[in-house]
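Each remark here refers to the structure printed beneath this line.
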Amino acid sequence: MSATSGSRYLQRLAQQRNVWLDGEVVRDLARHPAFAGTVRSVAALLDLQDDPVRGSELTFTTETGAKANLAFLVPRERDDIFRRGRSFRVWSDATFGVMSRVAGFYRAQLTGWHIRSNLIRQEEPHFPDKIARYYADLRDRDLLLTAAGHDPQIDRTKLASELGDLYTALRVVKETEEGIVVRGAKMIATGGPYMDEIMVSPHSPKTAEEKHYAVMFAIPASHPGVHLICREPFASERTEDHPLSSRYDEMDAVLVFDDALIPWDRVFIGNNPEAIWKIRSDRFVSAISLHENVARLASKLEFVAAVGVELAASIGIARFSHVQDKLAELFLQLETVEALLKSAEHRCALHPDGVWEPELPPLVTAKNLGNRYYPRAIEILQLLSGAGMLQVPSTLAELHGPLGSRLRNIYRGADRDAEERVKLLKTAWDLAGSRLGARHELYERFYAGDPARTYAAQYAEYDKQALLDRVARHIG
Ligand SMILES: Cc1cc2nc3c(=O)[nH]c(=O)nc-3n(C[C@H](O)[C@H](O)[C@H](O)COP(=O)(O)OP(=O)(O)OC[C@H]3O[C@@H](n4cnc5c(N)ncnc54)[C@H](O)[C@@H]3O)c2cc1C
């Protein structure tokens, strides 16, 4: 029998990478307690592509006859937008929207860069060919991709070039015949330890003075001279007691480049702030990648809403009007994001490059709403639960221990037995109270950029003239 997508992933993961945890390099991610549960989840997710039913919702056939994930599909037909959207949703639903990097955002972005590569052909003549080869390689080998784009915080009033020379923001220190040598840090690569590949480029515009900091390249996660510095793990080995932390701790890592040589074929743009920003901020690229983000957000809000409904039912509070008010708010969030997603898909348009483009403004709106919706959704779970989420035994097994019969009476709910209610409360706590839960709240606020500036960008890009014209017509 041929290897499955998941088992091929596990073979690739065995390639040693410099994943640092607690001051040591992790030797075997697939067996290490901080990573093993998530590795199994990633492999299982990839295996869905081989599933006789789900597989067809997740993959397409390439021009060479191979099967590839739909995040890589170039949308030449209108229906391709809907196929892509469905596949994002199926994949996100498989992890309740909790896993973000395996779901395909950066694969979708790479597809966008490949499609729009001619935009910077004049400034960067090699970009189209290099990105086309990289895109085809990842697509055909089903490689997972994350990205890191931010300079270390240090002092936000300074340009990267003013931070000093040693191990601050990532920059080019040398060019050789083989490639560029880079030194310094980029933050943060969510999922870095688990991914095959990492794309590195500035996620905000660089100035002319920061030319050597304006470089776009990709490396395998196992690239020599690259270190992934992990935050404290939130993973648990107790699946029953920590249903999310035990399976979906994606890990966030800072990348340190120790004079790493990046071969020319993987240097897509070098020392060119304008070209990087032109391709990064292209509307088509934003639309095709945000499409995935918003589908994942819908999955996650649906999960939170479902947990909210169950929490209320489990202690019989759904009849109270303020509880209904809070549950309705969860539904409003979900329906709003779903509606924006559908609107973006149904109002897709043919781009001059001959590809279909989901409509951008509803996607930007949904993404920006998400960073306010999600923290509020988590707050609603806390308000619905009261102390319930903490009133659980440390382990489910205690329900069958020496005090079992008493505990099963105390922990039962209005409509379910103690075992079911404790399982629900443990899921709710993992979402809304655990370290993983706190990380997710921060993630939804910040993963797509500083919300203060993403809102400002929405203001800046909005067609305000149409509004002004309307007032002018009214005033006469
Ligand atoms: C859990 C998590 C996962 C993430 N995953 C990824 C990933 O996979 N890849 C990736 O590239 N990034 C990732 N990010 C990083 C994310 O994109 C950044 O957190 C975000 O862009 C903000 O940058 P920062 O964290 O450096 O904060 P800063 O930009 O330093 O902001 C910190 C505070 O200072 C204020 N501030 C700073 N500078 C300015 C300024 N010039 N003007 C006005 N206000 C300012 C901000 O408003 C904010 O209040 C992730 C973030 C989180 C929390």
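To convert, take the position in the sequence shown, counting from 1, and add 19; that gives the numbering used here.
Even for Gly, the Cβ is constructed at its ideal location relative to N, Cα and C.
Nothing here was measured: the structure is a model prediction, and the numbers come from that model.
Checklist entry - Looking at F465 and ligand 1, is the gap between the Cβ and the nearest heavy atom below 6 Å? => result True, at least one ligand heavy atom lies under 6 Å from that Cβ.
Checklist entry - Can you tell me the Cα-Cα spacing of D148 and E82, whole angstroms? => result Their Cα atoms are separated by approximately 17 Å.
Next on the checklist: Here's the rule: buried if 16 or more other CB atoms are within 10 angstroms of the residue's CB, otherwise exposed. What is D449?
Outcome noted: Taking every protein chain shown into account, the CB of D449 has 16 or more other CB atoms within 10 angstroms, so this residue is buried.
Next on the checklist: Residues in the same chain with beta-carbon distance under 6 Å from Y393, minus the five sequence neighbours each way, listed in chain order, please.
Outcome noted: Take Y393, set aside five residues on each side of it, and the residues of its chain with a beta-carbon closer than 6 Å to its own are E463, in chain order.
Checklist entry - What span of residues does the beta strand (DSSP E) with H246 cover, start to end? => result Following the DSSP letters along the chain, one finds H246 inside the beta strand (DSSP E) bounded by residues 245 to 249.
Checklist entry - If we count the other Cβ atoms within 10 Å of its Cβ and call it buried at 16 or more, is R266 buried or exposed? => result Counting Cβ neighbours within 10 Å, R266 comes out buried, since at least 16 surround it.
Checklist entry - With a CB to CB cut of under 7 Å and the five nearest residues on each side skipped, what residues in its chain are close to E311? => result If you ignore the 5 residues before and after E311, its C-beta comes within less than 7 Å of the C-beta of A90, F107, A122, G123, F124, A127, all in its own chain and listed in chain order.
Next on the checklist: With a threshold of 8 Å on Cβ separation, who are the neighbours of D301 within its own chain once the five nearest residues in sequence on each side are excluded?
Outcome noted: Only G131, R135, L138 meet the Cβ criterion.
Next on the checklist: Please tell me whether A279 and V201 are closer than 7 Å, where the distance is taken between their beta carbons.
Outcome noted: Yes. Within cutoff.
Next on the checklist: For ligand 1, I want to know if H231 counts as a neighbour, meaning its beta carbon is within less than 6 Å of at least one of the ligand's heavy atoms.
Outcome noted: Relative to the non-hydrogen atoms of ligand 1, the Cβ of H231 never comes closer than 6 Å to any of them.
Checklist entry - In whole angstroms, what is the alpha-carbon distance linking V58 and V342? => result Taking the straight line joining both Cα atoms gives about 38 Å.
Next on the checklist: Please state the DSSP three-state secondary structure of T78.
Outcome noted: It is a strand residue.
Item to check | Residue from D161, R285, R175 with nearest C-alpha to I199 | outcome: Closest in alpha carbon position to I199, among D161, R285, R175, is R285.
Checklist entry - In chain order, what residues of the same chain have a beta carbon less than 8 Å from the beta carbon of R458, not counting five sequence neighbours either side? => result Sequence-distant Cβ neighbours of R458 in its own chain, meaning closer than 8 Å and more than five residues away, are F253, D271.
Checklist entry - Looking at the structure shown, is K205 part of a helix, part of a strand, or coil, going by DSSP? => result Collapsing the DSSP output to three states places K205 in a strand.
Checklist entry - Would you say the beta carbon of Y496 comes nearer than 6 Å to a heavy atom of ligand 1? => result This structure gives no information on residue 496, because the portion of the chain shown stretches from 20 to 495.
Checklist entry - Can you tell me the Cα-Cα spacing of V328 and P377, whole angstroms? => result If you take the alpha carbons of V328 and P377, they lie about 32 Å apart.
Checklist entry - Considering only the beta carbon of each residue, do A447 and S413 sit closer than 7 Å? => result Not a contact, by the Cβ cut-off of 7 Å.
Checklist entry - Between the Cα of G389 and the Cα atoms of K319, P224, S241, which residue gives the shortest distance? => result Nearest of K319, P224, S241 to G389, Cα basis: K319.
Checklist entry - So R190 is in the alpha helix (DSSP H); what residue range does that whole segment cover? => result Taken as a continuous stretch (DSSP letters only), R190 belongs to no alpha helix (DSSP H), being part of the beta strand (DSSP E) at 190 to 194.
Checklist entry - What does a CB cutoff of less than 6 Å around I100 pick up in its chain, not counting 5 residues either side in sequence? => result Non-local C-beta neighbours of I100 in its own chain, meaning closer than 6 Å and more than five positions away in sequence, comprise P94, E364, C367, W375, P377, ordered along the chain.
Checklist entry - Applying the criterion that 16 or more other CB atoms from any shown protein chain within 10 Å of the CB defines a buried residue, is S308 buried or exposed? => result Classification for S308: buried.
Item to check | Limits of the unbroken alpha helix (DSSP H) element including W110 | outcome: Its alpha helix (DSSP H) spans residues 97 to 113.
Checklist entry - Counting along the chain, where does the alpha helix (DSSP H) carrying T384 start and finish? => result 379 to 404 is the span of the alpha helix (DSSP H), which, as asked, contains T384.
Item to check | Beta-carbon separation (whole angstroms), P171 vs A204, contact threshold 8 Å | outcome: About 5 Å separates the two Cβ atoms, so the contact holds.
Next on the checklist: Using only CA atoms, which one of G168, S362, P371, I397 lies nearest to P380?
Outcome noted: The shortest Cα separation from P380 among G168, S362, P371, I397 belongs to S362.
Item to check | Pocket of ligand 1 (residues with CB nearer than 6 Å to any heavy atom), chain order | outcome: Going along the chain, the residues that qualify are T165, A166, A167, G168, H169, Q172, R175, I207, A208, T209, H222, D271, R458, L461, Y462, F465, Y466, G468, D469, A471.
Item to check | Own chain partners of Y28 with C-beta closer than 7 Å, once the 5 adjacent residues on each side are dropped | outcome: So the list reads V61, A62, L65, once near-sequence residues are dropped.
Checklist entry - Can you check whether the CB of F276 is closer than 7 Å to the CB of V245? => result Yes.
Checklist entry - For chain D, is any of its Cβ atoms less than 7 Å away from the one on G335? => result Included in the structure is just one protein chain, with no chain D present.
Checklist entry - Is DSSP giving T355 helix, strand or coil here? => result If DSSP states are grouped into helix, strand and coil, T355 belongs with the helices.
Checklist entry - On the premise that I238 lies in contact with I281, defined as a C-beta separation below 8 Å, what is that separation, rounded to the nearest angstrom? => result Between I281 and I238 the beta-carbon gap is near 6 Å, inside 8 Å, which marks them as a contact.
Item to check | Nearest-angstrom beta carbon gap, R440 and S333 [assumed within contact, 8 Å] | outcome: Their Cβ separation, rounded to whole angstroms, is 5 Å, which keeps S333 and R440 in contact under 8 Å.
Checklist entry - How many angstroms separate the CA atom of Y478 from the CA atom of R160? => result Put simply, the backbone Cα of Y478 is about 40 Å away from that of R160.
Next on the checklist: Please list the terminal residues of the continuous beta strand (DSSP E) segment that includes T414.
Outcome noted: Per DSSP, T414 belongs to no beta strand (DSSP E) and is neither H nor E.
Checklist entry - If you draw a straight line from the alpha carbon of L486 to that of A475, how long is it in whole angstroms? => result Taking the straight line joining both Cα atoms gives about 17 Å.
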